[in-house]
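Student:
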Amino acid sequence: MGVARGIGIFTGTVIILGVGVCGSAALVGPLPTASVTRVAMAETEPAVPPVLPAAGASAVTEAVTAPPFATSGSTEPVPMASITKTITALVVLDKHPLGAESQGQTVPITSEDYLAYLDYQKAGTRTVSVYTADAWSEREMLQAMLLGSSNNHADTLARWAFGSVDDYLVAANAWLAEQGLAETTVVDTTGLSDRSVGTAADLARLSAIALETPAIASVLAEPVTGLPSRRGIENTTTYLPERGVTGISRSYTDAAGICLQFGLDIPVEGSAESFRAYGAILGQPDWDALDAAMNAFVDSATAGVSATPILAEGTPVVTFTTAWGDSADALAGLSPEAPRWGRVTPDITVDTDPVTTAGTGTRVGTIFVDDGSGEEQPISLKLGASLHDPGVFWRLSHPGAVIGALIDSL
13 MGVARGIGIF TGTVIILGVG VCGSAALVGP LPTASVTRVA MAETEPAVPP
63 VLPAAGASAV TEAVTAPPFA TSGSTEPVPM ASITKTITAL VVLDKHPLGA
113 ESQGQTVPIT SEDYLAYLDY QKAGTRTVSV YTADAWSERE MLQAMLLGSS
163 NNHADTLARW AFGSVDDYLV AANAWLAEQG LAETTVVDTT GLSDRSVGTA
213 ADLARLSAIA LETPAIASVL AEPVTGLPSR RGIENTTTYL PERGVTGISR
263 SYTDAAGICL QFGLDIPVEG SAESFRAYGA ILGQPDWDAL DAAMNAFVDS
313 ATAGVSATPI LAEGTPVVTF TTAWGDSADA LAGLSPEAPR WGRVTPDITV
363 DTDPVTTAGT GTRVGTIFVD DGSGEEQPIS LKLGASLHDP GVFWRLSHPG
413 AVIGALIDSL
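Going by this note's numbering, 36 is the number at position 24 of the sequence shown; the sequence numbering is gapless.
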């Protein structure tokens with residue numbers, strides 16, 4: 013009996029001590045951190061939506077990496093006329109880079125190039141004259157192809173850079189795939205073929221790629237000089253410059269209709285920045301229809317663009333939920349303003365701090381918002397409501413959670 017009683021006393025003592033230790037740990041130990049879930053971000057509707065033509069196919073984007081913020085018409089690949097030459101320029105420049113002010117390498121004109129010039133001329137398509145033994149600089153070739161829409165110069169550039177037009181086409185379609193322009197395909201350098209096709213969404217992004225390429229941007233912006241000037245190149249790309257439009261390609265074929273590839277800059281009241289968009293309008297029935305469509309689009313941009321916060325202050329971004337059932341949304345703090353237009357779903361990443369209990373307005377992390385230019389803007393993340401201590405009863409009834417948090421903190 014004595015031994016049994018002693019064992020009982022010892023066991024009871026251990027239990028009491030254990031309960032005491034656990035109870036003490038539960039009372040004074042740290043609380044488990046709250047779990048975090050993202051709040052779905054709603055699209056914001058513009059007060060004045062972009063106006064694009066119903067005919068053909070159109071799309072507008074803000075950046076190379078951004079999806080279109082406005083589209084209209086067909087979403088299928090369609091013939092793209094001389095926008096194909098923009099692809100030729102970009103693929104050649106990928107092989108033979110050219111600085112914004114550089115003339116680049118010399119491109120000799122061969123007998124094959126001269127015969128191609130005669131063939132295009134006989135067919136009644138756009139050409140710029142060349143002669144065997146001419147020596148054009150790479151920049152002059154780009155001027156002839158982009159500004160003069162010269163079909164023979166497109167073929168010559170492809171042969172010079174890749175050895176043959178066929179080898180160029182292999183490289184061009186591989187380049188399109190690398191850029192994520194999966195619904196655009198070229199079968200020639202010029203766009204005269206109705207099988208050189210692209211979607212408006214792809215070609216809007218292509219506009220951004222072109223205007224962010226220094227050699228192309230400078231060719232489009234500067235007057236024709238040197239040999240191209242002496243050969244009588246007419247600039248086919250200039251279009252509505254007084255309205256902030258930069259024409260990249262403006263062209264027509266029977267299959268494609270009227271096609272425009274462009275950039276647009278709109279000054280924004282109250283902001284040092286302007287709003288820039290890149291677009292493509294394809295398949296317009298005539299030049300008057302293009303003029304009406306483009307002026308309507310620019311009018312809607314002028315009315316619709318404004319400087320607004322990148323992410324509205326007070327927007328719920330994440331929800332913190334505690335193990336004891338308390339929850340609170342964390343809200344976006346004050347963010348810088350940027351020119352905005354169109355339907356926007358902010359592209360954000362969130363870095364949260366460990367949170368157990370905290371009062372309303374406590375900073376609990378940082379939001380990083382892509383402002384559309386590829387730059388991430390940091391915005392503070394603050395609690396919209398308090399997360400309270402669960403109290404003694406919850407701590408004592410959930411010692412495992414508290415002790416687990418204590419172990420994690422060690």
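Think of the CB as a built atom: it goes at the ideal place given N, C-alpha and C, for glycine as much as any other residue.
Bear in mind that the values here come from a model prediction, so they are computed numbers and not experimental data.
1. Does the separation of the CB atoms of V317 and V257 fall below 8 Å?
2. Using a threshold of 7 Å, is the CB atom of V198 nearer than that to any non-hydrogen atom of the ligand PLP?
3. Go through its chain and collect everything with a Cβ distance to P366's Cβ below 6 Å, but skip five positions before and after it.
4. Using beta-carbon positions only, say whether N163 and L204 come within less than 8 Å of one another.
5. Within its chain, find whatever has a CB closer than 6 Å to the CB of A397; leave out the 5 residues flanking it on each side and keep chain order.
6. Taking all protein chains shown into account, do 16 or more other C-beta atoms lie within 10 angstroms of the C-beta of H400, making it buried, or fewer, making it exposed?
7. Return the CA-CA distance between P351 and P321, expressed in angstroms with no decimal places.
8. Does the Cβ-Cβ distance between A183 and F174 come in under 8 Å?
9. Once you ignore the five residues that flank V60 on each side, which residues in its own chain have a CB closer than 7 Å to its CB?
10. Between M92 and L294, is the Cβ-Cβ spacing less than 8 Å?
11. Report the three-state DSSP secondary structure of Q155 (helix, strand or coil).
12. Measure how close the beta-carbons of S94 and R151 come, nearest whole angstrom, since I'm counting them as under 8 Å.
13. Roughly how many angstroms separate the alpha carbons of N206 and D363, rounded to a whole number?
14. Taking 8 Å as the cut-off, does the segment 256-276 touch the segment 215-235 (at least 3 CB pairs, one atom from each stretch)?
15. Would you list the residues sitting across from L272 in a DSSP beta bridge?
16. Just how far apart, CA to CA, sit L159 and I245?
17. Measure the beta-carbon distance from A170 to V177 and round it to whole angstroms, keeping in mind my assumption that it falls under 8 Å.
18. When we look at the beta-carbon of F405 and count the other beta-carbons within 10 Å, is it buried (16 or more) or exposed?
19. State the beta-bridge partners of I278 as determined by DSSP.
20. Using CA atoms only, rank isn't needed, just tell me which of P109, W336, W148 and I391 is closest to G238.
21. The beta strand (DSSP E) spanning D359 covers which residue range?
22. With three or more beta-carbon pairs closer than 8 Å as the criterion, would you say the segment 105-120 touches the segment 195-203?
23. Can you round the beta-carbon distance between Q389 and V381 to whole angstroms, since I take them to be within the 8 Å contact cut?
24. Between I121 and the rest of its own chain, which residues show a CB-CB distance below 8 Å, the 5 nearest in sequence each way excluded?
25. Could you give the distance in angstroms between the alpha-carbon of A189 and the alpha-carbon of V104?
26. On the three-state DSSP scale, how would you describe I379?
27. I'd like to know if the segment 208-217 and the segment 65-78 are in contact, where contact means that at least 3 CB-CB pairs between them fall below 8 Å.
28. How many angstroms separate the CA atom of R138 from the CA atom of S241?
29. When you compare the CB positions of S208 and T96, do they come within less than 8 Å of one another, or not?
30. With a floor of 4 residues, list each alpha helix (DSSP H) that falls wholly inside the segment 125-185, ordered by position along the chain.
31. Could you check which residue in L395, T369, T361 and A370 has the C-alpha nearest to that of I379?
32. With a threshold of 16 other CB atoms inside 10 Å of the CB of A54, please say whether the residue is buried or exposed.
33. Mark L346 as exposed unless 16 or more other C-beta atoms lie within 10 angstroms of its C-beta, in which case mark it buried.
34. By DSSP, does V119 sit in helix, in strand, or in coil?
35. Assuming contact is defined by CB atoms lying nearer than 8 Å, are L323 and A344 in contact in what I supplied?
36. Determine the DSSP secondary structure at E325, reduced to helix, strand or coil.
Tutor: Result, derived from the coordinates:
1. Between V317 and V257, the C-beta spacing is not below 8 Å.
2. Absence of the ligand PLP is noted for the structure shown, with no ligands found whatsoever.
3. Excluding sequence neighbours, P366 sits near T45.
4. Contact flag set, yes.
5. So the list reads A340 and T372, once near-sequence residues are dropped.
6. With fewer than 16 Cβ atoms within 10 Å of its Cβ, H400 is classed as exposed.
7. So the two alpha carbons sit approximately 9 Å from each other.
8. In contact: A183 and F174 (Cβ atoms closer than 8 Å).
9. Around V60: S312, A315 and G316.
10. With a cutoff of 8 Å on beta-carbon distance, M92 and L294 are scored as near each other.
11. If DSSP states are grouped into helix, strand and coil, Q155 belongs with the helices.
12. About 19 Å separates the beta carbons of S94 and R151, which is beyond the 8 Å limit, so they are not a contact pair.
13. The amino acid occupying residue 206 in the given sequence is Asp; Asn does not appear at that position. Going by the C-alpha atoms only, they are around 49 Å apart.
14. Enough Cβ pairs lie closer than 8 Å, so yes.
15. Answer by DSSP bridge pairing, in chain order: R262 and I293.
16. The straight-line gap from Cα to Cα measures roughly 7 Å.
17. About 5 Å separates the two Cβ atoms, so the contact holds.
18. Counting Cβ neighbours within 10 Å, F405 comes out exposed, since fewer than 16 surround it.
19. F287.
20. Scanning P109, W336, W148 and I391 for the CA closest to the CA of G238 turns up W148.
21. For D359, the uninterrupted beta strand (DSSP E) run begins and ends at D359 to T364, by DSSP.
22. Flag = no, the segment 105-120 and the segment 195-203 do not touch.
23. Rounded to the nearest angstrom, the Cβ distance from Q389 to V381 is 5 Å, consistent with a contact under 8 Å.
24. Once the five neighbours on either side are set aside, the close Cβ partners of I121 are V142, Y143, T144, A145, D146, A147, W148 and T168.
25. Approximately 16 Å, taken between the alpha carbons.
26. Collapsing the DSSP output to three states places I379 in a strand.
27. Contact holds: three or more Cβ-Cβ distances are below 8 Å.
28. Straight-line measurement puts the Cα of S241 at about 16 Å from the Cα of R138.
29. With a cutoff of 8 Å on beta-carbon distance, S208 and T96 are scored as near each other.
30. Counting only runs of 4 or more, we get 150-154 and 163-174.
31. Checked all of L395, T369, T361 and A370; the closest Cα to I379 is T361.
32. So A54 ends up on the exposed side.
33. Classification for L346: exposed.
34. In the three-state reduction of the DSSP assignment, V119 falls in the strand class, which pools E and B.
35. Yes, they are a contact pair.
36. Residue state, collapsed to three classes: coil.
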